[in-house]
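K.L.:
There are 2 protein chains.
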Amino acid sequence: MMMWSGILGRGFAAGAALLGLGLLAGQAHAQDISEVQAPKTPLVLEQEGSFFVGGRAVHIAITGWDELGPDFSRMFGMPGETTVDQMYVQFQKPVGWQKHVPIVFLHGCCLSSKTWETTPDGRMGWYEYFTRKGFPTYLAEQSGRARSGFDPVGFDEVRAGQRPPDSQKKILIPTHEFAWSIFRFGPKYGEAWPDEQFPISQVDQLYKQMIPDMILTEVPSLGQEFASPTTNNPTVENMALLAKDLGGAILVGHSQSSGMPTQAVLKGMPGIRGIIQLETGCFANLTRPQIALLAKVPMLVVVGDHWSTPQPAADCQTELRQVNGAGGDMSFIALPKVGLHGNSHMFMQDKNNLQVADVIIAWIEEHVEHRAP
Amino acid sequence: MMMWSGILGRGFAAGAALLGLGLLAGQAHAQDISEVQAPKTPLVLEQEGSFFVGGRAVHIAITGWDELGPDFSRMFGMPGETTVDQMYVQFQKPVGWQKHVPIVFLHGCCLSSKTWETTPDGRMGWYEYFTRKGFPTYLAEQSGRARSGFDPVGFDEVRAGQRPPDSQKKILIPTHEFAWSIFRFGPKYGEAWPDEQFPISQVDQLYKQMIPDMILTEVPSLGQEFASPTTNNPTVENMALLAKDLGGAILVGHSQSSGMPTQAVLKGMPGIRGIIQLETGCFANLTRPQIALLAKVPMLVVVGDHWSTPQPAADCQTELRQVNGAGGDMSFIALPKVGLHGNSHMFMQDKNNLQVADVIIAWIEEHVEHRAP
Chain A
1 MMMWSGILGR
11 GFAAGAALLG
21 LGLLAGQAHA
31 QDISEVQAPK
41 TPLVLEQEGS
51 FFVGGRAVHI
61 AITGWDELGP
71 DFSRMFGMPG
81 ETTVDQMYVQ
91 FQKPVGWQKH
101 VPIVFLHGCC
111 LSSKTWETTP
121 DGRMGWYEYF
131 TRKGFPTYLA
141 EQSGRARSGF
151 DPVGFDEVRA
161 GQRPPDSQKK
171 ILIPTHEFAW
181 SIFRFGPKYG
191 EAWPDEQFPI
201 SQVDQLYKQM
211 IPDMILTEVP
221 SLGQEFASPT
231 TNNPTVENMA
241 LLAKDLGGAI
251 LVGHSQSSGM
261 PTQAVLKGMP
271 GIRGIIQLET
281 GCFANLTRPQ
291 IALLAKVPML
301 VVVGDHWSTP
311 QPAADCQTEL
321 RQVNGAGGDM
331 SFIALPKVGL
341 HGNSHMFMQD
351 KNNLQVADVI
361 IAWIEEHVEH
371 RAP
Chain B
374 MMMWSGILGR
384 GFAAGAALLG
394 LGLLAGQAHA
404 QDISEVQAPK
414 TPLVLEQEGS
424 FFVGGRAVHI
434 AITGWDELGP
444 DFSRMFGMPG
454 ETTVDQMYVQ
464 FQKPVGWQKH
474 VPIVFLHGCC
484 LSSKTWETTP
494 DGRMGWYEYF
504 TRKGFPTYLA
514 EQSGRARSGF
524 DPVGFDEVRA
534 GQRPPDSQKK
544 ILIPTHEFAW
554 SIFRFGPKYG
564 EAWPDEQFPI
574 SQVDQLYKQM
584 IPDMILTEVP
594 SLGQEFASPT
604 TNNPTVENMA
614 LLAKDLGGAI
624 LVGHSQSSGM
634 PTQAVLKGMP
644 GIRGIIQLET
654 GCFANLTRPQ
664 IALLAKVPML
674 VVVGDHWSTP
684 QPAADCQTEL
694 RQVNGAGGDM
704 SFIALPKVGL
714 HGNSHMFMQD
724 KNNLQVADVI
734 IAWIEEHVEH
744 RAP
């Protein structure tokens with residue numbers, strides 16, 4: 001299992017001292033809107049907007065309208081076509097955006113593009129920060145999640161007795177307990193690390209960002225999907241199409257999606273100017289032609305704190321050696337090694353999230369923008 | 374049935390001449406991003422961001438992690454809590470926003486807040502337009518849809534054989550055929566009205582906005598939910614809370630959600646400065662105390678073209694008479710009566726969408742902003 005193994009295997013082996021905060025997640029009371037903080041200077045946008053990439057029509061036998069009364073059944077109850085696998089993208093471009101390479105952020109499991117917006121405690125997220133730093137900034141929502149919709153085929157057929165129940169896609173439900181452990185807020189539920197950077201007092205606001213997931217369970221096993229450099233997940237091709245349509249872009253994945261930019265490059269599609277993997281393992285089983293493809297694109301892996309070691313894990317060491325040995329430019333940054341301590345799996349929302357962004361922007365300037373396309 | 378009856382009953386009785394375009398929806402090819410048009414002047418924001426309103430924790434017995442391998446099952450497969458019924462809200466406030474009353478837009482069935490953003494053919498949507506006109510502008514995503522997530526309880530239990538299949542919530546699937554008829558693009562699928570204002574050549578981009586809906590089917594019948602001025606739909610209370618938190622706001626509903634601002638007022642909560650119902654019927658069965666509540670809030674109903682008549686329908690005539698008879702300020706605008714012809718159910722995306730917005734803004738200035746709060 002490429003993607004999550006580090007989080008599972010190493011994060012929880014960390015032996016840091018614990019602080020028993022005794023914080024019960026459900027007690028955290030948020031003021032919601034009143035906590036959202038305004039910046040000191042206006043944000044000047046040349047353009048903002050949203051659009052879709054990809055999508056295909058599928059046939060729907062049971063549309064669900066028949067139980068809403070005879071009028072609805074007669075008008076809309078007939079079989080028809082619906083669109084699935086599309087990818088919703090929102091963007092904003094600051095005045096002067098032409099000086100920077102476009103950057104595309106893709107969220108992880110059980111989350112939406114909200115990941116990159118206002119933090120749970122009301123501070124500026126990376127969407128606005130990268131825009132203010134001059135980047136044309138894009139948020140892609142995984143095909144099958146949130147505004148990208150999901151493939152509903154099968155559910156109503158099971159309900160109607162036309163398919164066996166165990167043929168139904170499983171819905172993955174992210175619990176609060178899940179978040180606390182996989183996002184590395186602390187050693188056990190309700191206990192935070194003493195130096196935790198995540199705004200724990202507002203963790204309830206993060207729980208509201210977590211939504212049911214129908215993507216992860218569509219593949220035979222999580223490990224199989226993520227360990228493989230090739231995949232049929234439609235988001236991967238959609239990201240590559242987006243990079244091409246933008247005339248070149250940096251693709252950023254996080255957690256569950258962190259391997260997708262690499263998988264997009266390995267599809268051989270043009271336009272991917274840089275790969276950034278946040279909180280992830282690496283691909284250790286690449287073929288020679290795959291290594292040659294990756295050697296053409298600058299790559300950065302960033303991990304937070306409370307791993308067992310700030311050194312690259314074995315799979316990352318292998319990929320670093322292979323890609324850089326083939327003339328590539330792959331970097332690995334453990335945040336504690338550059339002086340940032342206590343960062344969680346959700347470091348784009350941590351209290352020092354803008355400092356983490358600055359580390360990434362410095363890498364982009366040096367490795368992507370000061371390099372001929 | 375308050376909400377949809379007009380669309381169903383009257384829209385299709387219209388006897389306008391037809392233009393046989395012979396357009397097959399699937400043939401419309403979109404350039405997606407390359408069609409998104411940039412405005413001529415920058416957008417200057419004092420603030421942008423997002424947050425949640427509402428939400429509650431529910432217990433989850435089957436989380437879905439157990440099929441992703443023993444590590445996941447051990448770590449995350451235990452029962453736990455997840456958050457449902459929260460409402461995701463995004464916003465932007467232009468410099469000088471203090472001069473206007475905040476406005477909150479709520480999308481309709483099978484759609485998300487994408488409704489109000491860039492149109493299917495790449496023009497400016499109402500989100501940016503109202504911001505540019507000076508309004509602090511909020512997009513609320515219905516609880517149970519898109520970034521607000523949905524209540525997943527029951528699906529995995531059916532799959533595991535722990536609940537009978539027919540106990541499973543029905544998923545409502547919006548087909549292309551459904552959209553063409555209920556959004557009043559033309560008299561039959563593939564045929565547009567001769568004066569149709571919707572950008573039909575890009576209808577495929579609208580189909581990508583349409584996503585499965587788990588909200589409508591959670592109530593015993595559509596008519597019962599919408600005909601009643603009271604409801605337990607969490608979005609209604611969340612909208613009212615938002616208006617209160619904003620220190621006063623205009624609430625706008627569309628289609629399926631058009632009755633929700635009225636339902637929010639009828640909960641007796643403070644802060645709702647105006648009600649705007651887009652493409653809707655009205656409440657004809659109000660009690661005297663309910664009429665008194667509505668008489669305190671300016672109300673506007675707007676309908677497009679290709680209804681059987683530009684006069685208010687019987688239910689709206691009743692509500693207009695009752696509310697205005699009690700000293701209220703309720704208006705009804707059929708767009709053809711103010712010189713705008715050919716508008717669809719999706720007039721916020723029609724080719725003349727900004728002219729329609731201007732009609733609404735003129736009403737706001739006269740009936741809400743020039744009136745003491």
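So the protein sequences, as listed, match chains A and B.
The first sequence begins at 1 in my numbering and counts up one residue at a time.
The second sequence begins at 374 in my numbering and counts up one residue at a time.
All C-beta atoms in this analysis are idealised placements derived from N, C-alpha and C, irrespective of residue type, glycine included.
It should be emphasised that the depicted structure is a prediction, and the values quoted were computed from it without experimental measurement.
Could you tell me the alpha carbon to alpha carbon distance between B/ALA398 and B/ASP678, rounded to whole angstroms?
P.N.:
Note that B/ALA398 scores 33 on pLDDT, short of 50, meaning its location in the model is unreliable; the coordinates nonetheless yield the value given after this. The straight-line gap from Cα to Cα measures roughly 22 Å.
K.L.:
Is the shortest distance between the beta-carbon of B/GLN420 and the beta-carbons of chain A less than 8 Å?
P.N.:
Judged by the 8 Å Cβ criterion, B/GLN420 is in contact with chain A.
K.L.:
Helix, strand or coil, according to DSSP, for A/MET78 in the structure here?
P.N.:
Looking at A/MET78 - three-state DSSP - the assignment turns out to be coil, as it is neither helix nor strand.
K.L.:
Can you pull the chain A neighbours of B/ILE566, defined as C-beta to C-beta under 9 Å?
P.N.:
Note on residue identity: the sequence assigns Trp, not Ile, to residue 566 of chain B. Simply none; closest approach about 18 Å.
K.L.:
Measuring only the C-alpha atoms, how far is A/PRO310 from A/GLU81?
P.N.:
A/PRO310 and A/GLU81: Cα-Cα distance of roughly 50 Å.
K.L.:
Pop quiz: B/SER630 and B/HIS743 are said to be a contact at Cβ under 8 Å. What is the actual Cβ separation, rounded to whole angstroms?
P.N.:
Not a contact, Cβ separation roughly 27 Å.
K.L.:
Of all the options A/GLU128, A/TRP97, A/PHE150 and A/PHE105, which has the alpha carbon lying nearest to the alpha carbon of A/PRO136?
P.N.:
A/PRO136 has its Cα closest to that of A/TRP97, out of A/GLU128, A/TRP97, A/PHE150 and A/PHE105.
K.L.:
What is the rounded straight-line gap between the Cα of B/LYS487 and the Cα of B/PRO547?
P.N.:
The alpha-carbon atoms of B/LYS487 and B/PRO547 are separated by roughly 16 Å.
K.L.:
Would you tell me roughly how many angstroms separate the C-alpha atoms of B/THR456 and B/ALA430, rounded to the nearest one?
P.N.:
Those two C-alpha atoms are separated by around 4 Å.
K.L.:
Going by C-alpha distance, which of B/SER485, B/TYR500 and B/MET451 is nearest B/PHE464?
P.N.:
Of the candidates B/SER485, B/TYR500 and B/MET451, the one whose C-alpha sits nearest the C-alpha of B/PHE464 is B/TYR500.
K.L.:
Measuring only the C-alpha atoms, how far is B/GLY647 from B/PRO671?
P.N.:
Distance between the alpha carbons of B/GLY647 and B/PRO671: 5 Å.
K.L.:
Is it the case that the Cβ atoms of A/SER344 and A/GLU196 are separated by a distance below 8 Å?
P.N.:
Yes, Cβ-Cβ distance for A/SER344 and A/GLU196 is below 8 Å.
K.L.:
Work out the CA separation of A/PHE347 and A/ILE33 for me, nearest whole Å.
P.N.:
Using only the alpha carbons, I get a separation of about 22 Å.
K.L.:
Roughly how many angstroms lie between the CA atoms of A/THR118 and A/ASN353, to the nearest whole one?
P.N.:
Those two C-alpha atoms are separated by around 11 Å.
K.L.:
Could you tell me which chain A residues have their CB closer than 7 Å to the CB of B/SER485, listed as they occur along the chain?
P.N.:
Ordered by position in chain A, the residues that pass the 7 Å Cβ test against B/SER485 are ARG147.
K.L.:
Give me, in chain order, the residues of the same chain whose beta-carbon lies closer than 6 Å to that of A/PHE105; leave out the 5 immediate sequence neighbours on both sides.
P.N.:
Only TRP116, LEU139 and VAL252 meet the Cβ criterion.
K.L.:
Which parts of the stretch 231-281 of chain A are runs of the alpha helix (DSSP H), unbroken and 4 residues or longer, counting only runs that do not cross its ends?
P.N.:
If we require 4 residues or more, the alpha helix (DSSP H) runs fully inside the stretch 231-281 of chain A come out as 234-245 and 260-266.
K.L.:
If you draw a straight line from the alpha carbon of A/VAL303 to that of A/GLY328, how long is it in whole angstroms?
P.N.:
A/VAL303 and A/GLY328: Cα-Cα distance of roughly 20 Å.
K.L.:
Hey, which unbroken runs of the beta strand (DSSP E) at 3 residues or more fall wholly within the stretch 84-144 of chain A?
P.N.:
Entirely contained in the stretch 84-144 of chain A, the beta strand (DSSP E) runs reaching 3 residues are, in chain order, 87-94, 103-106 and 137-141.
K.L.:
Please determine whether the Cβ atom of B/GLY427 lies at a distance below 7 Å from any heavy atom of the ligand FAD.
P.N.:
Looking at this structure, you won't find the ligand FAD or any other ligand, since it has none at all.
K.L.:
What does the alpha-carbon distance come out to for the pair B/LEU619 and A/PHE283?
P.N.:
Roughly 48 Å between the two C-alpha positions.
K.L.:
Should B/VAL696 be labelled buried (16 or more other beta-carbon atoms within 10 Å of its own) or exposed?
P.N.:
Buried, because 16 or more other Cβ atoms sit within 10 Å of the Cβ of B/VAL696.
K.L.:
Taking all protein chains shown into account, decide if A/ARG184 is buried (16 or more other Cβ within 10 angstroms of its Cβ) or exposed.
P.N.:
Burial call: buried.
K.L.:
What residues match up with A/SER167 in a beta bridge as DSSP calls it?
P.N.:
According to DSSP, A/SER167 bridges with nothing at all.
K.L.:
For B/GLN410, collect the residues of the same chain with a Cβ closer than 7 Å to its Cβ; drop the 5 residues on either side in sequence, then sort them by chain order.
P.N.:
GLY495 and ARG496, listed in sequence order.
K.L.:
Could you check whether the Cβ of B/MET375 sits closer than 8 Å to any Cβ belonging to chain A?
P.N.:
Reliability of the predicted coordinates at B/MET375 is poor, the pLDDT of 42 falling under 50, and no value is obtained from them.
K.L.:
Would B/ASP539 and A/ARG159 qualify as a contact pair, given that the criterion is a beta-carbon distance under 8 Å?
P.N.:
It is a contact, given that the beta carbons lie within the stated cut-off.
K.L.:
May I ask which residues mark the beginning and end of the alpha helix (DSSP H) holding B/GLY834?
P.N.:
Because chain B in this structure spans residues 374 to 746, residue 834 of chain B falls outside the shown range and cannot be described.
K.L.:
Is it buried or exposed for B/GLY534, if we count other Cβ within 10 angstroms and need 16 for buried?
P.N.:
Classification of B/GLY534: exposed, given that the 10 Å Cβ count is below 16.
K.L.:
Using a cut-off of 8 Å between C-beta atoms, extract the partners of B/GLN722 located in chain A.
P.N.:
What B/GLN722 touches in chain A: nothing, since even the nearest Cβ is about 12 Å away.
K.L.:
Just to confirm, is the Cβ distance from B/SER516 to B/THR608 under 8 Å?
P.N.:
Cβ atoms of B/SER516 and B/THR608: closer than 8 Å.
K.L.:
Rounded to whole angstroms, what's the CA-CA distance from A/GLY134 to A/GLU366? Just pull it up for me.
P.N.:
Roughly 16 Å separates the two Cα atoms.
K.L.:
Got a sec: which bits of the stretch 114-143 of chain A sit with their beta carbon under 7 Å from any beta carbon on chain B, in order along the chain?
P.N.:
So the close ones are LYS114, GLU117, THR118 and GLU128.
K.L.:
Using the C-alpha atoms, what's the distance from A/LEU320 back to B/THR504?
P.N.:
Looking at the two C-alpha atoms, the distance is approximately 47 Å.
K.L.:
Using a cut-off of 8 Å between C-beta atoms, extract the partners of A/GLU177 located in chain B.
P.N.:
Those are PHE449, MET451, GLY453 and GLU454, listed as they occur along chain B.
K.L.:
When the Cα atoms are used, what is the spatial distance from A/HIS59 to A/ARG147?
P.N.:
Distance between the alpha carbons of A/HIS59 and A/ARG147 is about 20 Å.
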